[in-house]
Every structure is written in structure tokens, then in C-alpha cells.
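Per numbering that gives the first Met the number 0, the sequence shown starts with residue 0, numbered consecutively. Report on the following structure.
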Amino acid sequence: MDMGIKPMKRTLRMLWHNLYTARQPRTGADRWKAFLSQVTPEAVASTALSTAAARALFKRLVRVVEIEPHSFCNRQCAFCTNALINRRGANVLFPDQVYQRLLANLASIGYAQKILFARYSEPLAHEHIIEMLHAARAACPASEIMITSNGDYLDRDMLKRLASSGLNRLHVSIYLANDETWTSALAAQRVAAFRQRLGVQPHHHQANEAMIYEDYKVPGLALFSCGAQNLAVTGFDRGGALHQLTKSSFSRLPPCPMVFENFTVDYNGLVMPCCNLRGDDPAQARLSLGDLRLSDIFTIYGGTAAASWRRRLAGFGPKAPPCASCKQSLPPDEQGESLRGAWRRAFARKGLQALTDHGIRQGTQ
Ligand code: SF4
Ligand code: SF4
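Here it is as C-alpha cells:
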């Protein structure tokens with residue numbers, strides 16, 4: 000397939016966006032229209048919401064609850080902040096009491112969107128993931144429950160157990176070693192070896208010079224997919240932490256839907272504004288929105304810290320670190336110039352003029 004670099008990156012972002020964040024895959028334009036409708040005065044309030052309002056807002060907006068099931072990952076990929084923060088030491092499990100409370104909170108609003116087990120851990124590195132899946136399925140019977148894994152601990156037996164544990168989607172990211180250079184031929188070899196190890200054949204296959212994606216039919220799973228990407232091209236700079244992935248000529252202007260739609264929890268219960276940021280990074284720990292060991296999910300989502308992030312990222316305009324260089328969740332034309340007018344008009348109707356164009360910069364309130 001012959002594609003220019005920009006269309007190729009767009010295709011990749013859409014594919015990965017659909018995998019990770021959309022229950023019903025939406026096209027770029029639809030996604031941004033839906034996001035615009037979510038930016039209501041209540042979502043960007045400058046004072047904490049009442050419990051009832053926070054519960055309603057969470058139910059209306061949150062599409063992905065991402066949980067780090069434990070601290071351990073067996074790899075230290077160069078394009079991941081685990082290259083800077085070693086996660087190969089003792090494995091600290093997500094506290095069970097906190098997990099049960101989180102699930103009870105979700106069950107109390109009939110949460111039916113995605114629950115994703117991932118972050119900077121390898122979810123299949125510890126058996127307790129099976130129990131966590133069963134508990135999530137019992138609490139949220141209509142949710143789409145997903146794991147993303149590096150595949151290192153996955154074998155045919157584990158695949159069967161996962162498929163009968165309440166999981167809907169399993170996505171395996173195939174990574175090359177840090178001393179290997181990406182070529183599509185090498186990636187294709189690794190994907191073929193993975194298929195052979197798991198005894199599966201693709202029923203859908205898509206590839207270009209920077210990625211391979213395919214999926215397989217497995218009884219009990221709505222989706223079992225595998226992908227390999229050239230992350231030196233497509234990786235994110237993780238809030239500026241990965242300097243080699245920061246593009247100096249790029250400054251983010253578009254809003255960020257992540258702080259509206261995602262609820263992201265570290266292995267220790269700290270809630271972060273998005274999947275790029277982590278509470279065990281000393282430079283990012285202060286960005287935490289709250290601690291689930293001390294609060295429930297609604298207090299944190301409806302609290303002033305979370306609302307302040309949403310206010311700062313609701314409109315077009317320059318963003319401050321850690322968002323200034325972030326390319327996560329950009330509109331299809333990268334800087335969203337064609338959306339900007341629609342944003343301005345909609346914000347005027349909603350009385351949110353102060354949040355558009357020049358925005359509110361991080362750290363100014
Ligand atoms: S990218 Fe995944 S497998 Fe690699 S270090 Fe990060 S969490 Fe681990
Ligand atoms: S723009 Fe900021 S909040 Fe949004 S994904 Fe990037 S780092 Fe996270």
C-alpha cells in the first residue's frame with residue numbers, strides 16, 4: 000500500500016483510537032462533533048460538582064476506565080516511559096479493597112462503557128488478572144472489557160481462560176527489541192511467529208510501511224487482535240517525558256477529549272488526567288487528580304482538579320506542558336483548523352467564550 004506519511008499516521012491513529020477508546024468506532028469528524036457536544040458548562044465548572052451531578056457527568060461522558068492491574072512489566076521499551084522508570088522490580092498488586100470499591104461505584108451508575116486493563120504494566124504477568132476480569136464482568140455486565148498486552152505471557156491455555164473470564168477484547172502489541180530497527184519485513188515475521196504460537200489465522204489483515212494490524216476469531220472473544228507499529232514514527236512523547244518523540248516544530252492547539260472521556264487509574268489507586276501521565280514519575284506525580292484509596296471515583300471526576308484539566312483543554316489555543324507537545328487524540332487535520340470555527344460558534348452559544356481560542360493555560364487557575 001502506498002501512502003503519504005500524514006495519511007498513514009492518520010490511519011494509524013484512527014485504528015488505534017478505535018481499538019482503545021471507542022465502543023462504536025467513529026470517524027474523525029463524528030468523534031469531534033460528539034466531543035464538542037460533551038463540553039458543557041457543567042463539565043468545565045470551576046467549582047466541585049455535587050455527588051449527584053458528578054455521577055451523572057461520569058455516566059454521560061466517560062467512555063474508558065483504564066486500570067493498571069499491578070506495577071510489573073517485563074519490558075523496558077524505548078518508546079515507553081518504562082524506559083525511564085523501571086517496572087521490573089517487585090510486583091505491587093492493585094489493592095483489592097480499592098478495586099472492589101471502584102467496581103461498586105461503576106455498578107451504581109450502571110456503567111456500560113469500556114474497562115481497559117493496561118497502562119504501564121503487563122496485565123498478563125500475574126494470575127490475579129483473571130479474578131479482576133470476573134469481578135469487572137459481574138459488576139458491569141454490559142461493559143466492553145479489554146486488555147492490551149505485549150503477548151509475552153500469552154499461550155493457548157491462557158487465551159482460553161481469558162475468553163471465559165468475561166473479557167471481550169484482547170489486543171496484543173508486538174514490540175521489537177530495543178536494539179532492533181523496524182522494518183515491515185521484521186515486524187511481519189514477528190506477527191507470523193505470534194500467530195503460529197497461538198494457533199490462529201487472521202480473518203482481517205491490514206498493513207503499511209509503519210504498521211501491521213490483524214485480528215482472529217476466537218470463541219468467547221468479540222475481538223482478538225495483534226498489531227505491530229513503528230513507534231519511532233507513531234509513538235507519543237508521554238507528556239514530554241520522551242524527548243526523542245517530541246517534535247520541536249509542533250505546538251498543540253486543539254482541545255483534548257481524553258480528560259473528559261477517560262478515567263485513568265495507576266496500580267496504587269492514583270487517578271491521572273490521561274494515559275500518558277503517571278503518578279510514579281516524580282515529575283508528573285503532582286498532576287494526579289486524586290487517590291482512590293481516599294475518595295470515590297465521582298468525588299475525583301467531579302472535583303476541582305479534574306474540572307480544571309477539562310477547562311484548560313476544552314478549547315483551541317496554546318497548551319502548556321505536559322500537553323504542549325502532545326499529539327494524542329488530535330483532529331484528522333492535526334491542528335483542527337476546519338473545526339475551529341465550529342468550536343467558536345458552539346462555545347458562544349454555551350456561554351463558554353472564555354475557554355476558546357486563547358483558552359485557559361495550564362497553571363493559570
Ligand atoms: S510499551 Fe508495554 S511492554 Fe513495553 S515497557 Fe511499556 S508497558 Fe511494558
Ligand atoms: S493533551 Fe495532555 S491531557 Fe491530553 S492526552 Fe496529551 S498529555 Fe494527556
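We treat Cβ as the ideally placed atom computed from N, Cα and C, and that holds for glycine.
Beta carbon of residue i: closer than 7 Å to some heavy atom of ligand 2?
i	result
S287	no
G316	no
C273	yes
S250	no
P321	yes
L166	no
V258	yes
C325	yes
S328	yes
L269	no
L376	Residue 376 is absent from the model: the chain starts at 0 and stops at 364.
According to the neighbour-count rule (16 or more other Cβ atoms, all chains shown, within 10 Å of its Cβ), is residue i buried or exposed?
i	result
Q361	Residue placement at Q361 is poorly supported in this model, since its pLDDT is 45, which falls under 50; the coordinates still yield a value, given next. Buried is the call here.
G350	exposed
A103	exposed
T50	exposed
E130	exposed
A21	Reliability fails at A21, whose pLDDT of 47 lies under 50, so the model's placement of it is uncertain and the value that follows must be treated cautiously. A21 is buried by the Cβ-count criterion.
P24	With a pLDDT of 48 at P24, under the threshold of 50, the modelled position of this residue cannot be trusted, and the question is left open.
G358	Unreliable placement is indicated for G358, whose pLDDT of 47 sits below 50; the coordinate value is still reported in the next sentence. Classification of G358: buried, given that the 10 Å Cβ count is 16 or more.
G316	buried
H69	buried
R348	exposed
N229	buried
N261	buried
K318	buried
N81	buried
M0	Confidence at M0 is low in this model, with a pLDDT of 39, below 50, so the placement of that residue should be treated as unreliable; the coordinate-derived value is given next. Flag for M0 reads exposed.
Q283	buried
T363	Summary for T363: the model assigns pLDDT 39, below 50, so the residue's position carries little reliability; its value from the coordinates is reported in the next sentence. The residue in question, T363, is exposed, as its Cβ has fewer than 16 Cβ neighbours within 10 Å.
A42	buried
T381	The structure shown has nothing for residue 381, since the chain only spans 0 to 364.
Thinking C-alpha only, which one of the options is nearest residue i?
i	options	result
L101	K32, F235, A138 and L230	A138
N73	T50, F116, N149 and M145	N149
A305	K326, S163 and M257	M257
V64	P272, L329, Q352 and T303	P272
Q37	V61, L48 and G27	V61
L425	D236, G226 and F116	Because the chain spans 0 through 364 in this model, residue 425 falls outside it and cannot be assessed.
L153	A141, Q188 and C225	C225
S172	F346, D280 and I146	I146
R285	F297, S107 and P321	P321
Y110	A55, I299 and A319	A55
S287	D95, L293, S294 and L276	L276
A206	R194, A134 and S183	S183
H242	A77, K58, F34 and L48	A77
A124	V199, Y98, A89 and S45	A89
S163	H127, A176, H133 and K32	H133
K58	F346, R309, Y300 and Q352	Y300
K216	Q200, H204 and A227	Q200
S142	H127, L166 and M157	L166
P218	Q195, L244 and L158	L158
Go to residue i, then tell me how far its alpha helix (DSSP H) extends in each direction, as first and last residue.
i	result
H125	No alpha helix (DSSP H) contains H125, which DSSP labels as neither H nor E.
E179	Note, E179: premise wrong, no alpha helix (DSSP H); not H, not E.
K58	T50 to L60
I296	I296 to Y300
Q334	First-last for Q334: undefined, no H or E at that position.
F193	S183 to L197
E260	M257 to E260
T303	T303 to R311
S319	Contrary to the premise, residue 319 reads as Ala rather than Ser in this sequence. Taken as a continuous stretch (DSSP letters only), A319 belongs to no alpha helix (DSSP H), as it is neither H nor E.
D279	Run containing D279: none; DSSP gives neither H nor E here.
R30	G27 to Q37
Quick one: does the C-beta of residue i sit closer than 7 Å to a heavy atom of ligand 1?
i	result
R237	no
N149	yes
C72	yes
C225	no
G104	As written in the sequence, residue 104 is Asn, which differs from the Gly given in the question. Because no heavy atom of ligand 1 lies under 7 Å away, the Cβ of N104 does not count as near it: no.
Y212	no
N81	yes
E67	no
E121	yes
So the beta strand (DSSP E) residue i belongs to, where does it begin and stop?
i	result
Y215	M210 to Y215
N207	P201 to N207
K113	K113 to F116
A227	L222 to Q228
R168	R168 to S172
V64	V63 to I66
L269	L269 to M271
S148	E143 to S148
Does the segment 325–343 touch the segment 237–254, meaning 3 or more C-beta pairs lie closer than 8 Å? yes
Does the pairing of the segment 114–126 with the segment 208–215 give three or more beta-carbon distances under 8 Å? no
For the segment 267–283 against the segment 120–130, do three or more pairs of beta-carbon atoms, one drawn from each stretch, fall closer than 8 Å, so that the two count as touching? no
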